[in-house]
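J.: With the first letter of the first sequence counted as 1, position 98 gets the number 341 in my numbering; the numbers rise by one all the way through. Ideal placement from N, C-alpha and C gives every residue a C-beta, glycine not left out. Mind looking over this structure? Questions follow.
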Amino acid sequence: MACLSLIEAKALQKALSGWVSLRTSVFAKNLRTVGGVDCAYATIKGRPRVFACAVVLSFPMLELLEEAFHARPVTFPYIPGYLSFRELPSMLGTLTKLKIVPDVLFVSGQGVAHPRGLGIASHLGVVAGLATIGIAKKPLFGLFQAPSLEAGSVSALTHPDDGSVIGFVVRAKTNVKPLYVSPGHRMDAETAVSIALQCVQKTKLPVPLHLADRLADRLKKALQRATGPDSVECLEPNPVEYVLAKNPWLNLLDP
DNA sequence: GCGACAG
DNA sequence: ATCTTGTCGC
Numbered sequence: 244m245a246c247l248s249l250i251e252a253k254a255l256q257k258a259l260s261g262w263v264s265l266r267t268s269v270f271a272k273n274l275r276t277v278g279g280v281d282c283a284y285a286t287i288k289g290r291p292r293v294f295a296c297a298v299v300l301s302f303p304m305l306e307l308l309e310e311a312f313h314a315r316p317v318t319f320p321y322i323p324g325y326l327s328f329r330e331l332p333s334m335l336g337t338l339t340k341l342k343i344v345p346d347v348l349f350v351s352g353q354g355v356a357h358p359r360g361l362g363i364a365s366h367l368g369v370v371a372g373l374a375t376i377g378i379a380k381k382p383l384f385g386l387f388q389a390p391s392l393e394a395g396s397v398s399a400l401t402h403p404d405d406g407s408v409i410g411f412v413v414r415a416k417t418n419v420k421p422l423y424v425s426p427g428h429r430m431d432a433e434t435a436v437s438i439a440l441q442c443v444q445k446t447k448l449p450v451p452l453h454l455a456d457r458l459a460d461r462l463k464k465a466l467q468r469a470t471g472p473d474s475v476e477c478l479e480p481n482p483v484e485y486v487l488a489k490n491p492w493l494n495l496l497d498p
């Protein structure tokens, strides 16, 4: 899937969208673990890399249980509507490294709130067979009215044609830009919002995604220092860099 | 034809 | 996504 034409990519999305289920899985109805996956970019030794970071937390305690990451070469440009062809490979590689498969996985980006009903959260859900929820910071597809400014207020995201509900615009924190939440796979829109809000604490992003974000930042900085003009032996004894030292960057540089 | 457009 | 200084608010 790394070298498809846009015509082929579009055809694949239309075909895979037929496999998306909007019925909440039994695992998601009895949540015990929630995960989050997010991507970041870094040019290492002159070579562009996209890496995905994933975390798994307990629910509803939201205590960190596991972290993982995986990098791949960048093989597809960023084109609105085709994000999965750029970031899915690294995300799948990361999920493969997790010992604990989360009951529900939050994915940065849209779920079914997509032109062809297959945002990256849905694409990932179908390919991995997981219950997923798409969480985006910006809208991509669908009509909506801005939700009121109080935390917890929501507004429906509807399909331009059907008028059907494809997700919700959610005000996770008072006076803060809303999130665009849509079911990815094995999940319904209402439950997606419910779970997302139950995972929000101090930041507008659900904790799983917030932690995946921070892990990506720390990892990126560690990589830049480890592969910068200077030395290669300057790793600090913190969790992330311990992982780096333990897993030769070869896995990150030449996957 | 013009504007919009996840990360 | 990424770059990038200061600034506002809990």
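Please identify the residue among Lys463, Ala364, Ala379 whose C-alpha is closest to the C-alpha of Gly372.
T.: That would be Ala364, whose Cα lies nearest to the Cα of Gly372.
J.: Measuring only the C-alpha atoms, how far is Leu367 from Ser391?
T.: In a straight line, the C-alpha of Leu367 is about 31 Å away from that of Ser391.
J.: Bridge partners of Arg292, per DSSP?
T.: Note: Arg292 sits in a beta bridge opposite Ala285, Pro316.
J.: Between Ala415, Val355, Thr417, which has its C-alpha nearest Ser264's C-alpha?
T.: The candidate whose alpha carbon is nearest that of Ser264 is Val355.
J.: Based on Cα-Cα distance, which residue from Arg292, Lys464, Phe349 lies nearest to Val277?
T.: Residue Phe349 is the option with its Cα nearest to Val277.
J.: Going by DSSP in three states, Leu308 sits in which element: helix, strand or coil?
T.: It is a strand residue.
J.: So, does the segment 275-289 touch the segment 441-455, judging by three or more C-beta pairs under 8 Å?
T.: Taking 8 Å as the limit for Cβ pairs, the verdict is that the segment 441-455 does touch the segment 275-289.
J.: Does the segment 425-441 come close enough to the segment 314-330 to have 3 or more Cβ pairs within less than 8 Å?
T.: Too few Cβ pairs lie closer than 8 Å, so no.
J.: Could you give the DSSP three-state label for Leu400: helix, strand or coil?
T.: Note: Leu400 maps to strand in three-state DSSP.
J.: Taking buried to mean at least 16 other C-beta atoms within 10 Å of its own C-beta, is Cys246 buried or exposed?
T.: Burial call: exposed.
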